[in-house]
Amino acid sequence: TAQDAFGNLATSFNDSVTLSDTAPGATFGAVSFSGGLATVSATLETAGLQVITATDTAPSTTVGNASTGAIVVAPGALASFIVTAAPASVSAGNSTTVSFTAEDAFGNVEVGYTGPVDLSSTDAAATFGTPSIVAGFGAASVSLFTAGNQTVTVTDQATHLAGTSNTINVVGSTTSSDA
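Oh and the sequence shown: position 169 is 185 in our numbering, straight run, nothing missing.
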């Protein structure tokens, strides 16, 4: 809404304005005024509190800037898992911790995500601890037994969306026999 210096609707306002947001990734549709009012579409990608500011870019007027109140942007629906295994090298039969983060399409943590998930591995002999998931962050212990490069995949049971870990180097046993 364009207003004059006294807070009245400026019905003849038709200057250009630029829009900005307090977080990265925002995109805005075209802004056109009619009778001092404008409607614009905005896509806000970053979850959290944000403020949009409109700045009058015409040098002939001194309308100035206007900002929205705080807008709460919630994360979108689950779109992917970011999966990390640490340590990335283990001896056969030992475990590594697999951590995962549920994210929306813009990389925001899906804080409402609580699972459930399935765990699988390129190591057919792998065994898995029970995953713990709190506010979009999860972890589970994974024991790997087959030497070589292995990965672990986290899969959402409802949507079947999945994410795969970094490569885990499983080093074979070094036991020897004195015969």
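All residues carry an ideal CB built from backbone N, CA and C; glycine is no exception.
Candidates the options, of which the one nearest residue i by Cα
i: residue 50; options: 179, 145, 73, 28; result: 28
i: residue 177; options: 141, 119, 157, 85; result: 119
i: residue 188; options: 139, 154, 144; result: 139
i: residue 89; options: 34, 25, 58, 46; result: 58
i: residue 69; options: 137, 154, 36; result: 36
Residue i versus residue j: straight-line alpha-carbon distance, rounded
i: residue 127; j: residue 117; result: 9 angstroms
i: residue 163; j: residue 62; result: 41 angstroms
i: residue 195; j: residue 169; result: Because the pLDDT at residue 195 is just 48, under 50, the model does not fix this residue reliably, and the value given afterwards should be weighed accordingly. Approximately 41 angstroms between the Cα atoms of the pair.
i: residue 133; j: residue 173; result: 5 angstroms
i: residue 97; j: residue 158; result: 17 angstroms
i: residue 130; j: residue 182; result: 23 angstroms
i: residue 84; j: residue 121; result: 25 angstroms
i: residue 135; j: residue 60; result: 33 angstroms
Residue j beta carbon less than 9 angstroms from that of residue i
i: residue 114; j: residue 151; result: no
i: residue 66; j: residue 86; result: yes
i: residue 156; j: residue 148; result: yes
i: residue 20; j: residue 72; result: no
For the region 31 to 47 against the region 102 to 119, do three or more pairs of beta-carbon atoms, one drawn from each stretch, fall closer than 8 angstroms, so that the two count as touching? Touching, no.
Tell me the start and end of each unbroken beta strand (DSSP E) in the region 62 to 121 that is at least 3 residues and wholly inside, in chain order. Within the region 62 to 121, the complete beta strand (DSSP E) runs of at least 3 residues fall at 64 to 66, 68 to 72, 81 to 83, 87 to 89, 96 to 102, 105 to 107, 111 to 119.
List in chain order: all unbroken alpha helix (DSSP H) runs of 4+ residues lying wholly within the region 112 to 171. Counting only runs of 4 or more, we get nothing.
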